[in-house]
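Engineer:
Residue numbers (my numbering): 21 to 247.
In structure tokens, the structure reads:
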């Protein structure tokens, strides 16, 4: 069985705790998340947002992806972002204003398991190191919401820690830390491609790389028509 062994670890903290934690962390998050950023940019390159598109980023953090997307969609496009943390939104809003992109970026505070957007609204959805923050039962709900808000020809790109294949020592150590210190080690490896396929997405491009020995999957998929 190529999809690795064992169950995905559960997320034991509540969404309220996650929100409080990210609000507290927001001032330092740029430093903490710097290693992840290049993988996010790689995902954005693969998503290929273009002039005039309407794109959503889920879990945008301190806004580097939002800025890159706003640049890509141009004046005729629109970028929306949703994040659970007001602290992150305040930092991103200032960054967007400074870049002169306020007109083309709309930021929301909320939960991706219940997206506040109408069906068939977006050309593309982007998530980088976000899907693995959701508890296991929430992952299909988030992806179902992504499908709902995407147009029939829409696409999604997910960058996430991957549980695919046999867990190496670093992955096992990381999962142990996640179980012991969920407030600090908040994300954990998930079956990225499998989750997208189960939600009715059709894979277009799958990249497997590592970050400090941790497996990362970057999956670009099409919305698909069933379900």
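We treat Cβ as the ideally placed atom computed from N, Cα and C, and that holds for glycine.
(1) Residue 28 by DSSP, collapsed to three states: which one?
(2) Hey, residue 215 and residue 159 are a contact pair by Cβ (cut 8 Å); roughly how many whole angstroms apart?
(3) For residue 141, which option in 29, 28, 183 and 243 has the closest C-alpha, if you only look at C-alpha atoms?
(4) Taking 8 Å as the cut-off, does the region 145-156 touch the region 78-85 (at least 3 CB pairs, one atom from each stretch)?
(5) Does DSSP classify residue 158 as helix, strand or coil?
(6) Starting from residue 92, follow its DSSP beta bridges and name the residues at the other end.
(7) Are the region 159-168 and the region 92-108 touching by the rule of at least three beta carbon pairs closer than 8 Å?
(8) In this structure, what does DSSP give as the bridge partners for residue 225?
(9) Just grab the DSSP bridge partners of residue 235 for me.
(10) I'd like the span of the alpha helix (DSSP H) that includes residue 171, first residue to last.
(11) Taking only three categories from DSSP, how would you classify residue 219?
(12) Looking at residue 88: is its Cβ nearer than 9 Å to the Cβ of residue 61?
(13) Apply the 10 Å Cβ neighbour rule to residue 152 and answer buried if 16 or more other Cβ atoms are within range, or exposed otherwise.
(14) Compute the beta-carbon to beta-carbon distance between residue 183 and residue 211, rounded to the nearest angstrom, for a pair I have assumed lies under 8 Å.
(15) Within its chain, find whatever has a CB closer than 6 Å to the CB of residue 119; leave out the 5 residues flanking it on each side and keep chain order.
(16) Just curious, the beta strand (DSSP E) that residue 150 is in, first and last residue?
(17) Hey, would you say residue 240 sits closer than 9 Å to residue 67, going by beta carbons?
(18) Looking only at C-alpha atoms, which of 245, 73, 231 and 35 sits nearest to residue 219?
(19) So the alpha helix (DSSP H) residue 107 belongs to, where does it begin and stop?
(20) Of all the options 170, 223 and 73, which has the alpha carbon lying nearest to the alpha carbon of residue 138?
(21) Could you say which of 116, 181 and 65 lies nearest to residue 55 if we only look at CA atoms?
Structural biologist: Well, looking at it:
(1) coil
(2) 5 Å
(3) 243
(4) yes
(5) helix
(6) DSSP lists no partner for residue 92.
(7) no
(8) 240
(9) 230
(10) Note, residue 171: premise wrong, no alpha helix (DSSP H); beta strand (DSSP E) at 170-181.
(11) coil
(12) yes
(13) buried
(14) 5 Å
(15) 87
(16) Element bounds for residue 150: n/a, residue is neither H nor E.
(17) yes
(18) 245
(19) 106-119
(20) 170
(21) 181
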